[in-house]
Amino acid sequence: MAEHGIPTAEKEVQMKPVIFTDLDGTLLDHETYSFAKAKQALAAAKKLRVPVIFCTSKTRSEIEFWRRRIGNTHPFISENGGAIFIPKGYFSFRASPTTTDGYETIVLGTPYNKLLSAYRKLKSKFDITGFSDMTVKELMSDAGLSRAQAEMAKQREFDEVIKLNNPSQEKDLLREIRRAGLKYSKGGRYYHIHGSNDKGRAVKILAKLYRNEYGKIITIGLGDSPNDFPMLNSVKRPYLVMRPNRRYSSSEYLRAGAPGPEGWNRAVLKELAARGVLQ
């Protein structure tokens, strides 16, 4: 991760910006899932043809829903780096030999059925509840999702989401996850169990593809919680937006100055202006 001061070198100012962003609690409001306060920056990025890549713990179905709502046509990273989905023909070259439903796909994660096998062993020892255990109605209530969103959230491919019902078991649970040869990430509401993938690894791969397409790029990252740290560690300009309590998850990154989509809007407009692409 490079130094965080606003760059002044002409060669860096002229680099093409590429934005990687978390969704929940970052571009989307933590409680309402609204992105209204980020519309100015989203419109500016679209007008200037600056890619905005969703990099989230959400499933492919959920991300596709938000891409339609927001009008985003760029590649995306699902389930904490479980896979990269690139619209077919997006780059001038073939990004992957594997295609799925109109995407060139790069799979980095462990198949969901293998994760469920490990999860069931953990469940026999700890007071935890996974998305796989919840009905759609239960998930709607627990996560504050609509029925359609809850159904999409259950369509998992590379990541099981768990709620720890007994916080005193946290340390032992995380140790057992590691012993099982798996990794975990902590988002705003839940823990995520997955394989060796993380957001940072996927960001590095996709950034390399953008460099192949455009030459020099400047990567910008925005997140709000610890599971975003691998992504932020893999970009040149890493921002945290405030949590709903107006605190930051870490002091190690650039600060957006406001919670959720309001902070996202501020940071993106600031970065676009610093590159000279926003007049």
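Everything in the sequence shown is counted per our numbering, starting at 1 for the first residue and increasing by one. Every residue gets a Cβ at the ideal spot worked out from N, C-alpha and C, and that includes glycine.
- Item | Start-end ranges of the beta strand (DSSP E) lying completely within the region 44-68, minimum 3 residues | 52-55
- Message: Considering just the uninterrupted stretch of the alpha helix (DSSP H) at Met152, what are its terminal residues?
- Response: Arg147 to Ala153
- Message: Quick check on DSSP: helix, strand or coil for Arg255?
- Response: strand
- Message: Could you tell me the alpha carbon to alpha carbon distance between Glu170 and Asp159, rounded to whole angstroms?
- Response: 19 Å
- Task: State yes or no: is the C-beta of His30 within less than 8 Å of the C-beta of Leu115?
- Result: no
- Task: Could you tell me the distance, in whole angstroms, from the CA atom of Met15 to the CA atom of Asn212?
- Result: 13 Å
- Task: With a cut-off of 8 Å on the beta carbons, I'd call Thr59 and Val241 a contact; round off their distance for me.
- Result: Contact flag wrong, Cβ pair sits at about 22 Å.
- Message: What would DSSP say about Leu108, mapped onto helix, strand or coil?
- Response: coil
- Find the nearest neighbour of Arg266 within the set Gly223, Ala256 and Arg275, judged by alpha-carbon distance. Ala256
- Task: Check whether the Cβ atoms of Ala280 and Val268 sit closer than 8 Å, and answer yes or no.
- Result: Lying outside 1 to 279, the shown extent of the chain, residue 280 is not represented and no answer is given.
- Task: List the DSSP bridge partners of Val18.
- Result: Thr219
- Task: Could you spell out where the alpha helix (DSSP H) holding Lys204 opens and where it closes?
- Result: Lys199 to Tyr214
- Message: Rounded to whole angstroms, what is the Cα-Cα separation between Ile218 and Met140?
- Response: 38 Å
- Message: Within the continuous alpha helix (DSSP H) that includes Gly71, where are the two ends?
- Response: Counting along the chain, Gly71 falls outside any alpha helix (DSSP H), and DSSP gives it neither H nor E.
- Query: Do you know offhand how far Arg49's Cα is from Pro167's?
  - Reply: 45 Å
- Message: Going by C-alpha to C-alpha distance, which of Ala118, Glu252 and Asp224 sits closest to Pro244?
- Response: Asp224
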